[in-house]
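S.K.: Let me begin by handing over the structure; questions about it come next.
Protein chains: 2
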Amino acid sequence: MDARALQIGLAGFGNVGAGVYLNLVRNGDLVAARCGCRLEVRRIAVRDVNRVRAVDPPAALVTADWRELAADPEIDVIVELMGGVSEAYDLVKAALEAGRIVVTGNKALLAERGRELFALARERGVPLLFEAAVAGGIPIIKAIQESLVGNRIESIYGIVNGTCNYILTRMQEAGIAYAEALEEAQRLGYAEADPALDVSGWDAGHKAILLGSLVSGAWVDPGSVVVEGIEHIAAADIGYAERLGYAVKLLAVIRRKGEAGLLEVRVQPSLVPSQHMLAAVHGVFNAVLVRGDVVGDALFYGSGAGRDPTSSAVISDLGEACRAKRGVIQTALINPAEEAALLPVDESFSHYYLRLNVDNLPGVLARVAALLGDHGAGITTVLQPETEGDSAELVMVLGDAPYGSIRRALREIAELDCTRETPVLLRLEPLETRATA
Amino acid sequence: MDARALQIGLAGFGNVGAGVYLNLVRNGDLVAARCGCRLEVRRIAVRDVNRVRAVDPPAALVTADWRELAADPEIDVIVELMGGVSEAYDLVKAALEAGRIVVTGNKALLAERGRELFALARERGVPLLFEAAVAGGIPIIKAIQESLVGNRIESIYGIVNGTCNYILTRMQEAGIAYAEALEEAQRLGYAEADPALDVSGWDAGHKAILLGSLVSGAWVDPGSVVVEGIEHIAAADIGYAERLGYAVKLLAVIRRKGEAGLLEVRVQPSLVPSQHMLAAVHGVFNAVLVRGDVVGDALFYGSGAGRDPTSSAVISDLGEACRAKRGVIQTALINPAEEAALLPVDESFSHYYLRLNVDNLPGVLARVAALLGDHGAGITTVLQPETEGDSAELVMVLGDAPYGSIRRALREIAELDCTRETPVLLRLEPLETRATA
Numbered sequence: 001m002d003a004r005a006l007q008i009g010l011a012g013f014g015n016v017g018a019g020v021y022l023n024l025v026r027n028g029d030l031v032a033a034r035c036g037c038r039l040e041v042r043r044i045a046v047r048d049v050n051r052v053r054a055v056d057p058p059a060a061l062v063t064a065d066w067r068e069l070a071a072d073p074e075i076d077v078i079v080e081l082m083g084g085v086s087e088a089y090d091l092v093k094a095a096l097e098a099g100r101i102v103v104t105g106n107k108a109l110l111a112e113r114g115r116e117l118f119a120l121a122r123e124r125g126v127p128l129l130f131e132a133a134v135a136g137g138i139p140i141i142k143a144i145q146e147s148l149v150g151n152r153i154e155s156i157y158g159i160v161n162g163t164c165n166y167i168l169t170r171m172q173e174a175g176i177a178y179a180e181a182l183e184e185a186q187r188l189g190y191a192e193a194d195p196a197l198d199v200s201g202w203d204a205g206h207k208a209i210l211l212g213s214l215v216s217g218a219w220v221d222p223g224s225v226v227v228e229g230i231e232h233i234a235a236a237d238i239g240y241a242e243r244l245g246y247a248v249k250l251l252a253v254i255r256r257k258g259e260a261g262l263l264e265v266r267v268q269p270s271l272v273p274s275q276h277m278l279a280a281v282h283g284v285f286n287a288v289l290v291r292g293d294v295v296g297d298a299l300f301y302g303s304g305a306g307r308d309p310t311s312s313a314v315i316s317d318l319g320e321a322c323r324a325k326r327g328v329i330q331t332a333l334i335n336p337a338e339e340a341a342l343l344p345v346d347e348s349f350s351h352y353y354l355r356l357n358v359d360n361l362p363g364v365l366a367r368v369a370a371l372l373g374d375h376g377a378g379i380t381t382v383l384q385p386e387t388e389g390d391s392a393e394l395v396m397v398l399g400d401a402p403y404g405s406i407r408r409a410l411r412e413i414a415e416l417d418c419t420r421e422t423p424v425l426l427r428l429e430p431l432e433t434r435a436t437a
Numbered sequence: 438m439d440a441r442a443l444q445i446g447l448a449g450f451g452n453v454g455a456g457v458y459l460n461l462v463r464n465g466d467l468v469a470a471r472c473g474c475r476l477e478v479r480r481i482a483v484r485d486v487n488r489v490r491a492v493d494p495p496a497a498l499v500t501a502d503w504r505e506l507a508a509d510p511e512i513d514v515i516v517e518l519m520g521g522v523s524e525a526y527d528l529v530k531a532a533l534e535a536g537r538i539v540v541t542g543n544k545a546l547l548a549e550r551g552r553e554l555f556a557l558a559r560e561r562g563v564p565l566l567f568e569a570a571v572a573g574g575i576p577i578i579k580a581i582q583e584s585l586v587g588n589r590i591e592s593i594y595g596i597v598n599g600t601c602n603y604i605l606t607r608m609q610e611a612g613i614a615y616a617e618a619l620e621e622a623q624r625l626g627y628a629e630a631d632p633a634l635d636v637s638g639w640d641a642g643h644k645a646i647l648l649g650s651l652v653s654g655a656w657v658d659p660g661s662v663v664v665e666g667i668e669h670i671a672a673a674d675i676g677y678a679e680r681l682g683y684a685v686k687l688l689a690v691i692r693r694k695g696e697a698g699l700l701e702v703r704v705q706p707s708l709v710p711s712q713h714m715l716a717a718v719h720g721v722f723n724a725v726l727v728r729g730d731v732v733g734d735a736l737f738y739g740s741g742a743g744r745d746p747t748s749s750a751v752i753s754d755l756g757e758a759c760r761a762k763r764g765v766i767q768t769a770l771i772n773p774a775e776e777a778a779l780l781p782v783d784e785s786f787s788h789y790y791l792r793l794n795v796d797n798l799p800g801v802l803a804r805v806a807a808l809l810g811d812h813g814a815g816i817t818t819v820l821q822p823e824t825e826g827d828s829a830e831l832v833m834v835l836g837d838a839p840y841g842s843i844r845r846a847l848r849e850i851a852e853l854d855c856t857r858e859t860p861v862l863l864r865l866e867p868l869e870t871r872a873t874a
């Protein structure tokens, strides 16, 4: 066996399972270089080998029996992405008993049976990793367990269900009713045909149980957690909240008053101030606001679900599995023997903000615009210049162009007889949000 | 030697050094339980042993000679928080050569001499950890190296200098000039007496060099990085930007077009859309927006400087050092043998949003208010009720009170003869931002 390869048994080839496979193929060399260890999918267990899929797993790797994964002594790590609780429980249990590292994104499984499974993992000394189980691509589990290891966590406020957040966002943006927003979410694939698990708040509830357990270091009993969904939220409430200066969010709240205080764990629709960053979390995005006694407030934001973001979290755990297998520590992923090939700044693109102080005369804007055009720079907006006697401010936004061209244009503008002060040029980054699969 | 203790040599007992020491004392048991290893400060090197300090280090641990730390065979890890480049370089070099793990928050040192130091660390197989060097308490180094290990990083947009962000925020909020905002920042301790390193953009530049090196996996030459500060930003520019729908931020930009493209690394004042989360990063807070090809957009937000947030990052690296020393992997920090003691939801406090549909008659609000008062709930805001024939909506915000009291009040309100529909109650979380030292 190659100690520098991690042999993976992948259980489940649905959306996320296929995503993990595809992303491991796509970025395999990169991940191998970073982990010092190749991540090799050795076996894939699917429920129905004859099902037609968007992505076909390599036939030679496929089995219909997940038990083969737990039994295969060559497999180092089992990635459980089957969903459901019953069979997934049997697989994870068998895997841990066989001493195999387990990676899972199954929050229902962990919330319902985690107490037994974590106990088994401890007893056997085998890692049970679950970054993908909470907030998808947001690395909140590692952040709490490792990055904030020196903190007592005082509170967590999390938007951890993208379906609910999409519905609430649309109700606010479009002023539509819950039923209409839900239908829209279903049409776009953001809500299941049976949306109960999400809109009841229980998917967020499962995540709250895991976060609460991490914060307290002890197990949070699911039976004691209060979970309320968003089905009863009326468009009127969203509107009133907005008039009062708030947005309505489904919040998972984990909170403790003082060191000895009891732990509060609940999921309820809640108003948050419109100015707060949590109110700026729109659509299917998730965010987790953590308050530690040392670090203060920290917020983690990203895609909470979807094939690729969840794959990113699973692959992070596979990196941990590599370290566990090899018993090594991560050193800086910088190879100082190589020098990065940098883009000359004049070739870098962005939009621009430009302010000129010019003679307050007709024709000046035309001259400036012509000169910019000669250098391939287009004006997308001009602000009404404010005139002051015989001088005028000219403020404009320029479209995407290389910095070098803009600088050349600027030098020429500075030399125009109608230019009174040194022009002010700032970068403008439109920062469109990238959609993920 | 106790394999379950990590012996620390702390070099530097300024603001951050003292913070690390104090937080290790305060949360020592917690950190030991989580890391499976006690973090013991064995020796503290200070420049001037006679200096009067806000916090005194234990005299028995103090030495004036940092060379003692590198030479002491009992020390596992050197925490370099001396600042400056020359002596810090000598210490880190000596420590790595002696096979000691190094933790540093010194971005200037790493940006200027990192190429040699990372090479030495690789050669000796010793971890050189630097979470505290970029964005203070925000765990961005671990996020990029471990959590996003499966991603090609396509871009990073970072607000990584709190001093500049404070000045720009105040210029925008208060409409004041750069000089006035800088003076205010200095008065509040957010800017140094000599602010050059911050306002020139070079502190952010050091961080951009480290982030760029992590993204590319190769070394970014500081000489090739374009760095521009905020000294030339006029109040007028901030105002125009706002009118155009943007906020001005000092952005560290790391970006690559395609796999083979050259890497762009630069620090420049830039306009970002007012609706974007980066525009909502106010005051001394930092934020880093990372786009990965698998995870999509992820944003990390928190305190970028200060004694405690930076200590949090140093202690995170000390946790890594424990794992490096013991060669073990982190398992879930949940002890399933214990059950978390949960707060009954009726005892949990928050503010509330309440909507009633009542008879459109005089005196109804008074009856409701009296009833809420009986249960200890105060009304902080009432929205002008919208009347519809003989019924009226009554929307109010209630101050901090236990959920149980509010629910009891609500049951009684529901039974009033003037109440027409089931009242709607939602939580309201004010989410004040916590200041950190």
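Going line by line, the protein sequences match chains A and B. Counted from 1, the first sequence has number 54 at position 54 by my numbering; the numbering is strictly sequential. So the number in my numbering is just where the residue sits in the second sequence, counting from 1, plus 437. Beta carbons: idealized from backbone N, C-alpha and C, even for Gly.
Per the contact definition of three or more C-beta pairs closer than 8 Å, is the region 136 to 146 of chain A in contact with the region 111 to 118 of chain A?
M.R.: Contact fails: fewer than three Cβ-Cβ distances are below 8 Å.
S.K.: Can you tell me which of B:Ile843, B:Glu620, B:Gly756 and B:Arg744 puts its alpha carbon nearest to the alpha carbon of Ile445 (chain B)?
M.R.: Taking the first residue of the second sequence as 1, we reach residue 445 (chain B) at position 8. Here the closest residue by C-alpha is B:Gly756.
S.K.: So, with DSSP's three-state summary, where would you put Arg255 (chain A)?
M.R.: The residue labelled residue 255 (chain A) in the question sits at position 255 within the first sequence. Strand, per DSSP.
S.K.: Can you find the residues in the same chain that come closer than 7 Å, C-beta to C-beta, to Val49 (chain A), ignoring five residues on each side of it along the sequence?
M.R.: Along the first sequence, read from residue 1 onward, the residue named residue 49 (chain A) stands at position 49. Excluding positions up to five away in sequence, the list reads Val62 and Ala64.
S.K.: Does any C-beta atom of chain B lie closer than 7 Å to the C-beta of Phe13 (chain A)?
M.R.: Residue numbering aside, residue 13 (chain A) sits at position 13 when the first sequence is read from its first letter. Not an interface residue.
S.K.: Would you call Gly302 (chain A) buried or exposed, if buried means 16 or more other Cβ atoms sit within 10 Å of its Cβ?
M.R.: Your numbering for residue 302 (chain A) matches position 302 in the first sequence. Classification of Gly302 (chain A): buried, given that the 10 Å Cβ count is 16 or more.
S.K.: Output the distance between the C-alpha atoms of Tyr458 (chain B) and Ala482 (chain B), rounded to the nearest integer angstrom.
M.R.: Taking the second sequence and counting its residues from 1, one reaches residue 458 (chain B) at position 21. Taking the second sequence and counting its residues from 1, one reaches residue 482 (chain B) at position 45. Those two C-alpha atoms are separated by around 12 Å.
S.K.: If Phe300 (chain A) and Ala287 (chain A) are in contact, beta carbons under 8 Å, what's the gap, nearest whole angstrom?
M.R.: The residue you call residue 300 (chain A) lines up with position 300 of the first sequence. The residue you call residue 287 (chain A) lines up with position 287 of the first sequence. Their Cβ separation, rounded to whole angstroms, is 7 Å, which keeps Phe300 (chain A) and Ala287 (chain A) in contact under 8 Å.
S.K.: Glu97 (chain A) lies in the alpha helix (DSSP H); which residues open and close that run?
M.R.: Against the first sequence, residue 97 (chain A) aligns to sequence position 97. Ser86 to Glu97 is the span of the alpha helix (DSSP H), which, as asked, contains Glu97 (chain A).
S.K.: At the 7 Å Cβ level, is Trp219 (chain A) part of the contact set with chain B, yes or no?
M.R.: On the first sequence, position 219 is the one that residue 219 (chain A) refers to. Chain B, which has a Cβ nearer than 7 Å to the Cβ of Trp219 (chain A), makes this yes.
S.K.: Thr387 (chain A) and Gly360 (chain A) - do their beta-carbons sit closer together than 7 Å?
M.R.: In the first sequence, counting from the first residue as 1, residue 360 (chain A) sits at position 360. In the first sequence, counting from the first residue as 1, residue 387 (chain A) sits at position 387. It is Asn, not Gly, that sits at residue 360 (chain A) in the sequence shown. In this structure, Thr387 (chain A) lies closer than 7 Å to Asn360 (chain A) by Cβ.
S.K.: From which residue to which residue does the beta strand (DSSP E) around Asp796 (chain B) run?
M.R.: If you number the second sequence from 1, residue 796 (chain B) lands on position 359. Counting along the chain, the beta strand (DSSP E) containing Asp796 (chain B) begins and ends at Phe786 to Asp796.
S.K.: State buried or exposed for Ser707 (chain B), treating a residue as buried only when at least 16 other CB atoms are found within 10 Å of its CB.
M.R.: Working through the second sequence from its first residue, we reach residue 707 (chain B) at position 270. Result: buried.
S.K.: What residue range does the alpha helix (DSSP H) around Asp745 (chain B) cover?
M.R.: As a working note, residue 745 (chain B) is residue 308 in the second sequence. Unbroken alpha helix (DSSP H) run through Asp745 (chain B): Arg744 to Arg763.
S.K.: Could you tell me which residues DSSP pairs with Leu862 (chain B) in its beta bridges?
M.R.: Taking the first residue of the second sequence as 1, we reach residue 862 (chain B) at position 425. Partner(s): B:Leu791.
S.K.: Could you spell out where the alpha helix (DSSP H) holding Arg550 (chain B) opens and where it closes?
M.R.: In the second sequence, counting from the first residue as 1, residue 550 (chain B) sits at position 113. From DSSP, the alpha helix (DSSP H) with Arg550 (chain B) extends over Lys544 to Arg561.
S.K.: So which residues on chain B does Met439 (chain A) lean against when the C-beta distance must stay under 8 Å?
M.R.: The structure shown does not extend to residue 439 (chain A), since chain A spans only 1 to 437, so no value can be given for it.
S.K.: My parser needs the beta strand (DSSP E) runs of 3 or more residues fully inside the region 640 to 722 of chain B; what are they?
M.R.: Listed in chain order, they are 683 to 693 and 700 to 710.
S.K.: Taking the DSSP output, what are the residues bridged to Leu565 (chain B)?
M.R.: Stepping through the second sequence from its first residue, residue 565 (chain B) is reached at position 128. BP columns for Leu565 (chain B) point to B:Val539.
S.K.: Pull up the distance between the alpha-carbon of Leu853 (chain B) and that of Asp811 (chain B), whole angstroms please.
M.R.: Locating residue 853 (chain B) in the second sequence gives position 416, where the first residue counts as 1. Locating residue 811 (chain B) in the second sequence gives position 374, where the first residue counts as 1. Approximately 15 Å, taken between the alpha carbons.
S.K.: Give a yes or no on whether the C-beta atoms belonging to Val103 (chain A) and Asp317 (chain A) are separated by under 7 Å.
M.R.: Looking up residue 103 (chain A) in the first sequence gives position 103. Looking up residue 317 (chain A) in the first sequence gives position 317. Yes; because the gap between Cβ atoms is below 7 Å, this pair is in contact.
S.K.: For the alpha helix (DSSP H) containing Leu868 (chain B), name the first residue and the last one.
M.R.: As a working note, residue 868 (chain B) is residue 431 in the second sequence. Where Leu868 (chain B) is concerned, there is no enclosing alpha helix (DSSP H), given that its DSSP letter is neither H nor E.
S.K.: Between Pro494 (chain B) and chain A, is any beta-carbon pair separated by less than 7 Å?
M.R.: Taking the first residue of the second sequence as position 1, residue 494 (chain B) is located at position 57. With 7 Å as the cut-off, Pro494 (chain B) does not count as an interface residue toward chain A.
S.K.: Starting from Leu736 (chain B), follow its DSSP beta bridges and name the residues at the other end.
M.R.: The residue labelled residue 736 (chain B) in the question sits at position 299 within the second sequence. The partner list for Leu736 (chain B) (beta bridge, DSSP) reads A:Tyr301 and B:Leu726.
S.K.: So if I threshold CB-CB distances at 9 Å, which residues from the region 773 to 796 of chain B count as touching chain A?
M.R.: For the region 773 to 796 of chain B, which is checked against every Cβ of chain A, the residues closer than 9 Å are Pro773, Ala774, Glu775, Glu776, Ala777, Ala778, Leu779, Leu780, Pro781, Val782, Glu784, Ser785, Phe786, Ser787, His788, Tyr789, Tyr790 and Arg792.
S.K.: Going straight from the alpha carbon of Val31 (chain A) to that of Lys644 (chain B), what length do you get?
M.R.: On the first sequence, position 31 is the one that residue 31 (chain A) refers to. On the second sequence, position 207 is the one that residue 644 (chain B) refers to. The alpha-carbon atoms of Val31 (chain A) and Lys644 (chain B) are separated by roughly 24 Å.
S.K.: Looking at the structure shown, is Ile167 (chain A) part of a helix, part of a strand, or coil, going by DSSP?
M.R.: Position 167 of the first sequence, counting from 1, holds the residue named residue 167 (chain A). The answer is helix: DSSP assigns Ile167 (chain A) an H, G or I state.
S.K.: Glu591 (chain B): which of B:Val571, B:Glu701, B:Val636 and B:Val662 sits nearest, CA to CA?
M.R.: In the second sequence, the residue the question calls residue 591 (chain B) occupies position 154. Among B:Val571, B:Glu701, B:Val636 and B:Val662, the Cα nearest to that of Glu591 (chain B) belongs to B:Glu701.
S.K.: Taking the alpha helix (DSSP H) that Gln186 (chain A) belongs to, which residues open and close that run?
M.R.: Mapped onto the first sequence, residue 186 (chain A) falls at position 186. Looking at the DSSP string, the run of the alpha helix (DSSP H) that includes Gln186 (chain A) is Tyr178 to Arg187.
S.K.: For the region 728 to 740 of chain B, list every residue whose C-beta sits within 9 Å of some C-beta in chain A, in sequence order.
M.R.: Flagged, chain order: Arg728, Gly729, Asp730, Val731, Val732, Gly733, Asp734, Ala735, Leu736, Phe737, Tyr738, Gly739 and Ser740.
S.K.: Below 7 Å between beta carbons is the criterion; list the residues of the region 26 to 60 of chain A that meet it against any residue of chain B, in chain order.
M.R.: Answer set for the region 26 to 60 of chain A: Asn27, Leu30, Val31, Arg34 and Cys35.
S.K.: Measure the CB-CB distance between Ala814 (chain B) and Ile843 (chain B) and report whether it falls below 7 Å.
M.R.: One-based indexing of the second sequence puts residue 814 (chain B) at position 377. One-based indexing of the second sequence puts residue 843 (chain B) at position 406. For Ala814 (chain B) and Ile843 (chain B), yes; Cβs fall inside 7 Å.
S.K.: Would Arg504 (chain B) count as contacting chain A if we go by Cβ distances under 7 Å?
M.R.: In the second sequence, residue 504 (chain B) corresponds to position 67, counting from 1. Chain A contact via Cβ: absent.
S.K.: Consult DSSP for Ser637 (chain B) and reduce its assignment to one of helix, strand or coil.
M.R.: Working through the second sequence from its first residue, we reach residue 637 (chain B) at position 200. DSSP places Ser637 (chain B) in coil when its eight states are reduced to three.
S.K.: Compile a chain-ordered list of the residues in the region 137 to 167 of chain A whose CB is closer than 7 Å to at least one CB of chain B.
M.R.: Residues passing the 7 Å Cβ filter: Gly137, Ile138, Pro139, Lys142, Ala143, Gln145, Glu146, Ser147, Leu148, Val149, Gly150, Asn151, Arg152 and Tyr157.
S.K.: Give every residue of the same chain whose Cβ lies closer than 6 Å to the Cβ of Trp66 (chain A), excluding the five residues on either side of it in the sequence, and list them in chain order.
M.R.: Your numbering for residue 66 (chain A) matches position 66 in the first sequence. These residues qualify, in order along the chain: Ala11, Ala45 and Leu91.
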